[in-house]
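Take a look at the structure set out below.
Numbering (my numbering), first residue to last: 62 to 184.
Structure representation (structure tokens):
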């Protein structure tokens with residue numbers, strides 16, 4: 062189970078970094094979301110992976126899981142939803158004002174890359 066979780070964190074991180082390095086806003090937003098999911102899984106795993114153990118001690122419980130990472134992950138999920146909504150709104154505003162979703166726009170509003178690379182991307 063640890064191998065599966067570590068693999069999932071690695072794949073999410075690698076995919077997130079790859080998407081963040083793209084030059085379009087939508088892949089960057091997806092990449093940041095995948096990175097936040099990877100961090101959430103990592104935080105969740107820091108509390109030790111245990112199946113069918115209660116997070117709160119009671120009289121009959123012989124073992125328990127640590128509830129602190131679960132609370133941290135729930136808080137991080139809520140914060141990441143808010144940040145994702147903010148980033149989507151900023152990206153939408155930039156797209157509507159500049160008429161392009163590229164993230165390397167020059168200060169004068171012109172594109173840095175030629176039209177050949179933009180057509181090759183499939184835009």
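Cβ coordinates follow ideal geometry from the N, Cα and C atoms, glycine included. Here the structure is a predicted model, which is why all the values come from computation and not from measurement.
Opening and closing residue of the alpha helix (DSSP H) in which residue i lies
i, result
"residue 130", "128-159"
Outcome for residue i when other beta-carbon atoms lying within 10 angstroms are tallied against a minimum of 16
i, result
"residue 136", "exposed"
"residue 98", "buried"
"residue 72", "exposed"
"residue 94", "buried"
C-alpha gap between residue i and residue j, whole angstroms
i, j, result
"residue 139", "residue 160", "31 Å"
"residue 145", "residue 113", "32 Å"
"residue 184", "residue 80", "At residue 184 the pLDDT is 44, less than 50, meaning the model places this residue with poor confidence; the figure from the coordinates comes in the next sentence. Cα-Cα distance, rounded: 16 Å."
"residue 163", "residue 149", "14 Å"
"residue 88", "residue 65", "25 Å"
"residue 122", "residue 134", "24 Å"
"residue 62", "residue 126", "16 Å"
"residue 92", "residue 78", "6 Å"
_Cβ contact (3+ pairs, closer than 8 Å) linking the stretch 89-108 and the stretch 130-144_ = When C-beta atoms of the stretch 89-108 are compared with those of the stretch 130-144, three or more pairs fall below 8 Å, so the two segments count as touching.
*Just checking, does the stretch 106-117 make contact with the stretch 146-161 on the three C-beta pairs under 8 Å criterion?*
At 8 Å Cβ cutoff, the stretches do not touch.
*Could you name each continuous alpha helix (DSSP H) segment of 4 residues or more that falls completely within the stretch 64-133, going from the start of the chain to the end?*
Counting whole runs of 4 or more residues, the stretch 64-133 contains the alpha helix (DSSP H) stretches 86-106.
*At a cut of 8 Å, does the stretch 109-124 reach the stretch 75-95 through at least three beta carbon pairs?*
Not touching, per the Cβ criterion.
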